[in-house]
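Here the structure comes first, spelled out in structure tokens, and everything after it is commentary.
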Amino acid sequence: MAKYFVGIDIGSTASKTVVMDEDGVVEAFTMPTGWNGRETAEAIYEKLKEKGYGEDFVCVATGYGRICVDYAARIVTEITCHGKGGWKLFHDQDEAQNAFTIVDVGGQDTKIIKVENGLVTDFLMNDKCAAGTGKFIEVMATRLGASLGEMYEMAKRGEALSISAMCTVFAESEVISHIGSGKKREDIAAGVIDSVASRVGNLCKRHGIIGKVKLTGGLCDSPYFLEVLSEKIGCEVGSHPMGRYAGAMGAALTAKK
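Residue 118 in my numbering sits at position 117 of the sequence shown; the count goes up by one each step and never skips.
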């Protein structure tokens with residue numbers, strides 16, 4: 002039997018890896034996906050070897066680039082892995098809860114996943130446009146000459162300007178228009194965060210929620226985004242320090258099983 006169980010979640014923007022043994026998580030790391038998922042998968046493999054995990058592991062891959070992980074014993078859908086990993090994280094955090102709504106805001110799509118007693122019972126995914134994803138915030142931060150951290154700090158101090166277009170291209174045009182007309186960076190940043198949170202919130206309302214709402218994906222590290230999203234949904238949205246690793250965690254648990 003393998004000594005380690007590796008879950009790899011290759012997203013469109015970032016790739017997450019979780020290593021487990023029989024007792025739990027022993028390693029978790031992230032790296033940019035870059036332009037080529039296969040090269041990223043090879044870089045992850047080399048990093049695993051450098052860290053001493055050698056050949057003694059079984060791997061399951063998920064995410065946008067899961068088919069690029071040639072050394073994976075199995076590939077599994079993102080919905081399944083996010084449901085399994087999210088349940089593990091949030092049920093360990095609150096064992097009294099037997100149902101959660103997991104909201105995963107990724108680089109290219111947003112997923113609303115209902116999990117009851119450890120099983121995915123329903124889900125909705127919006128992958129038609131990136132205007133409601135983390136990638137849009139990243140692109141707009143670059144447009145404003147700010148890092149993601151600076152983007153959130155500016156947004157806290159601003160009054161949200163309207164960014165109503167549903168398409169990324171047109172939404173970016175609105176931002177450029179605001180910049181050209183001399184609007185404050187803080188107000189533009191607040192408008193960007195508000196527009197993404199509104200789209201995610203509307204998706205939640207359309208699909209409905211059960212139990213507590215928990216955020217996974219890269220945006221779960223931002224208390225400000227959690228606060229704005231809570232306002233849009235109308236209830237407190239929580240997360241977990243390992244929230245961005247939910248998909249990789251689910252993949253590692255699948256490998257262990």
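All C-beta atoms in this analysis are idealised placements derived from N, C-alpha and C, irrespective of residue type, glycine included.
For Y5, no alpha helix (DSSP H) encloses it; the enclosing beta strand (DSSP E) starts and ends at Y5 to I11.
The shortest CA-to-CA distance from I113 to any of K185, V121, L120 and V104 is the one to V104. Residue ranges of uninterrupted alpha helix (DSSP H) with 4 or more members are absent from the region 43 to 92; none lies entirely inside it. DSSP places T31 inside the beta strand (DSSP E), whose first and last residues are G25 to P33. In the DSSP annotation of this structure, the continuous segment of the alpha helix (DSSP H) that includes D188 starts and ends at R186 to H208.
Shown here, M126 sits in a strand according to DSSP, grouped into three states. With a cut-off of 8 Å on Cβ pairs, the region 47 to 60 is in contact with the region 14 to 34, counting three or more such pairs. According to DSSP, residue pairing for F101 in a beta bridge involves V116 and K213.
Here the C-alpha atom of A44 lies approximately 44 Å from the C-alpha atom of S182.
Residue D93 holds the alpha-carbon nearest to the alpha-carbon of A247 among D93, W36 and S178. Checking the DSSP bridge columns, you'll see K17 partnered with D10 and T31.
In this structure, A253 and V19 form a Cβ contact; the two beta carbons are roughly 4 Å apart against a cut-off of 8 Å.
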